[in-house]
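If you're matching them up, the sequences are chains A and B in order. Under numbering that gives the first Met the number 0, the residues of the first sequence are numbered 0 to 141, in order. Under numbering that gives the first Met the number 0, the residues of the second sequence are numbered 0 to 141, in order.
2 protein chains.
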Amino acid sequence: MSTQKHIQEIRTFNRFYTDLIGLLDKHLLNSDYSLAEARILYEIFTAKELSASDIIYRLSIDKGYLSRILKKFEKEALIARKPSADDARVSLLSLTDAGLEVFNGLNEASEKQIMALISTMSVKQLDALIGHMKAITGLLGK
Amino acid sequence: MSTQKHIQEIRTFNRFYTDLIGLLDKHLLNSDYSLAEARILYEIFTAKELSASDIIYRLSIDKGYLSRILKKFEKEALIARKPSADDARVSLLSLTDAGLEVFNGLNEASEKQIMALISTMSVKQLDALIGHMKAITGLLGK
DNA sequence: AATATTAGTTGACAAAGTCAACCAAATTAT
DNA sequence: ATAATTTGGTTGACTTTGTCAACTAATATT
């Protein structure tokens, strides 16, 4: 692959996901949740039960910030905290039914944003994007 | 495609790009530029010459915020403003050599972040991701 | 020529995120 | 066992990021 072409692919890819971020930010703005909040809900959903520290580790988020977001989530009844049997300092977090509903709503909205973005791209651009992902995969020997 | 599988793909995809956003945010944090700033540089790079209004239109960014960022860019000599011949209210923006250098640096750093993320994914996950993009493309009749 | 629109700047503010100090529980060293 | 250190989490004070409305100057509309 020529360097020139490679640079072009990087730009295509960067362009794609920065646009995606823009769209995502916008749709989250219309929702009542920030990107950080959406990511936190995702972590809790995926793990079923985890501690605040786990989230800090996975998302590299500030613990003070997280603490406040979790407080808000609890107030909105999106999450439940159960004291850990192993460690009295720790609360185990899980999504409530309301939390799951919010999480699903955010995911569905994301999907729409992705489709909206992809629909603005040409077949050529899409191919370039997929090709670039594959190229990276190849570079990594997978 | 079964609904269950479809939901799973959406989640894979959402997960991928929200993680990407997290990484991107972090690397931008280590740089001296915010995501908004990176996107603005991208626009100016792509268009060669455009007005602040063009950027507002393309990125749906607040004009007050943009105004301040452009002021900062000008102070750092990343951009040049040339009065438009057509409209005396408008300045046409372009990247300086310094601005181009910053833009290239940000792009390169992004690439590293993408590779870092992809390297954590399994072949199966990557296939799912690419498959999902293709599926969306197919749904859109491309 | 009067009126309305548009491009861009600025001030005041709100939201997002960071940092350091702190408390309580757990772990390690002595 | 207990003193010293580390870890999980909360809070207050702060910075950065982003929004909104008011304003000026130039352009477009009637």
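Here a beta-carbon is modelled for each residue, glycine too, at the ideal position from N, C-alpha and C.
Near residue i, which residues of its chain fall below 7 angstroms by C-beta distance, leaving aside the five closest residues on each side in sequence?
| i | result |
| --- | --- |
| residue 79 of chain A | 93, 95 |
| residue 60 of chain A | 35, 54 |
| residue 18 of chain B | 116 |
| residue 52 of chain A | none |
Please check the pair residue i and residue j, which I expect to be a contact at CB under 8 angstroms, by giving their CB distance rounded to whole angstroms.
| i | j | result |
| --- | --- | --- |
| residue 102 of chain B | residue 40 of chain B | 5 angstroms |
| residue 42 of chain B | residue 54 of chain B | 5 angstroms |
| residue 150 of chain B | residue 13 of chain A | The shown model of chain B, from 0 to 141, leaves out residue 150 of chain B, and the question about it has no answer. |
If you count every other CB in all the chains shown that lies within 10 Å of the CB of residue i, and 16 or more means buried, which is it?
| i | result |
| --- | --- |
| residue 48 of chain B | exposed |
| residue 97 of chain B | exposed |
| residue 45 of chain A | exposed |
| residue 0 of chain A | Because the pLDDT of residue 0 of chain A is 47, which lies under 50, any placement of that residue in the model is unreliable, and the number read from its coordinates should be weighed accordingly. Label assigned to residue 0 of chain A: exposed. |
Given residue i, which residues of its chain have a CB within under 8 angstroms of its CB, disregarding the five upstream and five downstream residues?
| i | result |
| --- | --- |
| residue 76 of chain B | 95, 97, 98 |
| residue 117 of chain A | 125 |
| residue 115 of chain A | 22 |
Please list, in chain order, all residues of the same chain as residue i whose beta carbon is under 6 angstroms from its beta carbon, the five residues on each side excluded.
| i | result |
| --- | --- |
| residue 89 of chain A | 50, 83 |
| residue 72 of chain A | 78 |
| residue 62 of chain B | 55 |
| residue 134 of chain B | none |
| residue 142 of chain B | With chain B covering 0 to 141 only, the question about residue 142 of chain B has no answer from this structure. |
Return yes when the Cβ of residue j is within less than 7 angstroms of the Cβ of residue i, no when it is not.
| i | j | result |
| --- | --- | --- |
| residue 112 of chain A | residue 23 of chain A | yes |
| residue 172 of chain A | residue 20 of chain B | Look at the range of chain A in this structure, 0 to 141, and you will see that residue 172 of chain A is not part of it. |
| residue 91 of chain A | residue 81 of chain A | yes |
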